[in-house]
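Since the structure comes first, as structure tokens, the remarks are kept for the end.
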Amino acid sequence: NDTRQTQTKETSVPRLAYPGMWWRVTVLALIMCSASPDKIGAIMWKEHPTLQALIKMVTSNRYRFPTVDCDKQERDDMKASESELRDEESKVTEMLFLPKPTEPKNAS
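The opening residue of the sequence shown carries number 3 in my numbering; numbering runs sequentially from there.
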């Protein structure tokens, strides 16, 4: 069912990601890139950086991120960017799943 939801104490949140589906589509994209490297592969290489990194990993047989061809500056930039994204994801997760603090009631 496409409308799966994650249940929490206070609210129901739609499922945000389908990792199994993402990997299926990514494998199909890699196959299409290899079947037509001059057309599909070239477009995917330019327009999809994640797919570009996966192509580098598959062709070099080195499955590490950042990829092997990055210099120290690029590697540091990618690590900083990843750290920022992780922090942002944590904030979103807290906002969605942690209960909101209750305000103390004034004793009148």
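From the three backbone atoms N, C-alpha and C, an ideal C-beta is built for every residue, glycine too.
Computed from a predicted structure; not experimentally measured.
(request) For M97, count neighbouring Cβ atoms within 10 angstroms of its own Cβ and tell me buried if that reaches 16, exposed if not. (result) Looking up residue 97 in the sequence shown gives position 95. Residue environment for M97: exposed (fewer than 16 other C-beta atoms within 10 angstroms of its C-beta).
(message) Quick check: what's the CA-CA separation for D89 versus D79?
(response) Stepping through the sequence shown from its first residue, residue 89 is reached at position 87. Stepping through the sequence shown from its first residue, residue 79 is reached at position 77. Roughly 15 angstroms separates the two Cα atoms.
(message) Please state the DSSP three-state secondary structure of R26.
(response) Against the sequence shown, residue 26 aligns to sequence position 24. Of the three classes helix, strand and coil, the one that applies to R26 here is helix, per DSSP.
(message) I need the straight-line Cα distance from R26 to H50, nearest angstrom please.
(response) In the sequence shown, the residue the question calls residue 26 occupies position 24. In the sequence shown, the residue the question calls residue 50 occupies position 48. C-alpha separation (whole angstroms): 16 angstroms.
(request) Count the other C-beta atoms from every protein chain shown that fall within 10 angstroms of the C-beta of V100, then say buried if there are 16 or more, exposed otherwise. (result) Working through the sequence shown from its first residue, we reach residue 100 at position 98. Sequence check: residue 100 is Leu here, not Val. L100 counts as exposed, since fewer than 16 other beta carbons sit within 10 angstroms of its beta carbon.
(message) Give me, in chain order, the residues of the same chain whose beta-carbon lies closer than 7 angstroms to that of D4; leave out the 5 immediate sequence neighbours on both sides.
(response) Start at 1 with the first residue of the sequence shown, and residue 4 comes out as number 2. The pLDDT assigned to D4 is 46, lower than 50, so where the model puts this residue is not dependable; a value taken from the coordinates is nonetheless given after this. None.
(request) To the nearest angstrom, report how far apart S38 and P103 are at their CA atoms. (result) As a working mapping, residue 38 is identified with position 36 in the sequence shown. As a working mapping, residue 103 is identified with position 101 in the sequence shown. Between S38 and P103, the C-alpha separation is close to 55 angstroms.
(request) Put V94 into one of helix, strand or coil per three-state DSSP. (result) As a first step, residue 94 is located in the sequence shown; it is residue number 92 there, counting from the start. Helix.
(message) Nearest by alpha-carbon distance to T52: which of K41, E84 and V94 is it?
(response) Stepping through the sequence shown from its first residue, residue 52 is reached at position 50. Ranked by Cα distance from T52, the options K41, E84 and V94 are led by E84.
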